[in-house]
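What follows is one structure encoded as structure tokens, with my remarks underneath.
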Amino acid sequence: MMRIARFALHLAVLLAAIIGSAPPASADLAGGIIGRSDSRSTGIVDHGAWSGLLKTYVKTAPDGINRVDYAAFKAGGHGKLKGYLKQMIRVDPRLLSRNEQFAFLVNLYNAKTIDIVLEHYPVSSIKDISLGGGLLAAFAGGPWKKKVVAINSIAVSLDDIEHEILRKTFRDPRVHYALNCASLGCPNIARQAFSGATLDAQLDAAARSFINHPRGVHVAAGRVVVSSIYEWFKADFGGSSGHVLRHLLKYAKPELAAKLKSKSSISGNDYDWRLNDVRGRAP
0 MMRIARFALH LAVLLAAIIG SAPPASADLA GGIIGRSDSR STGIVDHGAW
50 SGLLKTYVKT APDGINRVDY AAFKAGGHGK LKGYLKQMIR VDPRLLSRNE
100 QFAFLVNLYN AKTIDIVLEH YPVSSIKDIS LGGGLLAAFA GGPWKKKVVA
150 INSIAVSLDD IEHEILRKTF RDPRVHYALN CASLGCPNIA RQAFSGATLD
200 AQLDAAARSF INHPRGVHVA AGRVVVSSIY EWFKADFGGS SGHVLRHLLK
250 YAKPELAAKL KSKSSISGND YDWRLNDVRG RAP
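Residue numbers for the sequence shown follow numbering that gives the first Met the number 0, so the first one is 0 and each next one is one higher.
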């Protein structure tokens, strides 16, 4: 009984520490960073430097997955990436239109993710990178909970950008095709920066690319297996397997659509956390 009591006490202390280490949700975070957007704004953020780096160091492999030449990027492009990130810190997204805000946040997220990987390269997976951020971050792995960049002088984490701002404010499931977590299982990192002027077309193209690739959706022996993204963020796609399937059909090519139309459920999900490195082996 004493052993059980001691175990219960240790467990309670551990849970309290985990809960206490979790950052409080801030309802004002998005408001302080992007405000309500300015529909009259004609301001455009120059993401040319980021596009140039993407075109230089991101390669499309024969399997259709975009991979990053991290070794070459670290040797020849990391300084330019740092310069781009410094420029982004000076941007006030509250003065931008809604589409420009979305593009700014996605580009910032992806650029900072690459920056973090380069700081720790070589690594096998982004989940091997620990920047702190409390016990929850330590258990989960990865750099997502640490405050790593400032927007409007407000320190934010990658999780803040994704979950507290992009997902909550824009409520567009296509955000999951735009953000890249430096993993083979993730939707492709684009070879050009996102732009407010072409945002819808870019998001639709990213959705079609991922959904029609086996790591997005795979149908075999009557079973539908999807990326774990559709399980983790099911609520963003409608909240049920049926809603997810309807979303997939919207972007599926005819061959895949024919397989999905007769399905009413999803059999499983998976995800490959290996680094999307050109030097990595194919999945």
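Quick reminder that beta carbons are idealized off the backbone N, C-alpha and C, glycines included.
Report the residue from D171, L165 and A29 whose alpha carbon sits nearest the alpha carbon of D235. Out of D171, L165 and A29, the CA that lies nearest to the CA of D235 is found in D171.
Give me the Cα-Cα distance between V105 and D199, rounded to the nearest whole angstrom. Between V105 and D199, the C-alpha separation is close to 13 Å.
Could you check whether A205 and A181 sit closer than 7 Å to each other, using their CB atoms as the reference points? In this structure, A205 does not lie closer than 7 Å to A181 by Cβ.
Between the Cα of W49 and those of F103, P92, A74 and G34, spot the shortest distance and give me the residue it belongs to. Of the listed residues, the one whose Cα sits closest to W49 is F103.
From the DSSP secondary-structure annotation, give me the bridge partner or partners of K58. Secondary-structure assignment with DSSP links K58 through a beta bridge to R66.
Who are V155's beta bridge partners in DSSP? V148, per the DSSP bridge assignment.
Less than 7 Å between C-beta atoms, sequence neighbours within five positions excluded: which residues of the same chain meet that for S264? In chain order, S240 place their CB closer than 7 Å to the CB of S264, counting only its own chain and leaving out the 5 sequence neighbours on each side.
C-beta atoms of D276 and Y69 nearer than 7 Å: Y69 is positioned such that its CB atom lies closer than 7 Å to that of D276.
Quick check on DSSP: helix, strand or coil for G267? For G267, the secondary structure class from DSSP, reduced to helix, strand or coil, is strand.
Rounded Cβ spacing between S124 and W272 (contact assumed at less than 8 Å): With a Cβ gap of about 5 Å, S124 and W272 count as contacting.
Is V223 helix, strand or coil by DSSP? If DSSP states are grouped into helix, strand and coil, V223 belongs with the strands.
Could you check the C-alpha separation between L117 and V67 for me, to the nearest Å? For L117 and V67, the distance between alpha carbons rounds to 11 Å.
Within 8 Å, do at least three Cβ pairs link the segment 137 to 151 to the segment 84 to 102? Cβ pair count under 8 Å is three or more, so yes.
For L94 and I43, the rounded distance between their alpha carbons: Cα to Cα, the separation comes out at about 10 Å.
The alpha helix (DSSP H) that contains T112, what's its start and end? If you look at T112, you'll find it in the alpha helix (DSSP H) that goes R97 to H119.
Of the choices L80, L248 and K85, whose alpha-carbon is the least far from that of N211? Out of L80, L248 and K85, the CA that lies nearest to the CA of N211 is found in L248.
Could you give the distance in angstroms between the alpha-carbon of T59 and the alpha-carbon of K146? In this structure, the alpha-carbon of T59 lies about 31 Å from that of K146.
If you compare alpha carbons, which of K85, C185 and Q86 is closest to P213? It is C185.
Among the residues of its own chain, which have a CB less than 8 Å from the CB of V216, if the five just before and after it don't count? Taken in chain order, the residues that qualify are I210, V223, V224, V225, S226, L247, A251, L255 and L259.
Inspect the beta-carbon positions of I160 and Q100 and report whether they are closer than 7 Å. Contact flag unset, no.
With 16 other Cβ atoms within 10 Å as the buried cut-off, status of G86: For the record, residue 86 in the displayed sequence is Gln; it is not Gly. Here Q86 is exposed: its Cβ has fewer than 16 other Cβ atoms, across all protein chains shown, within 10 Å.
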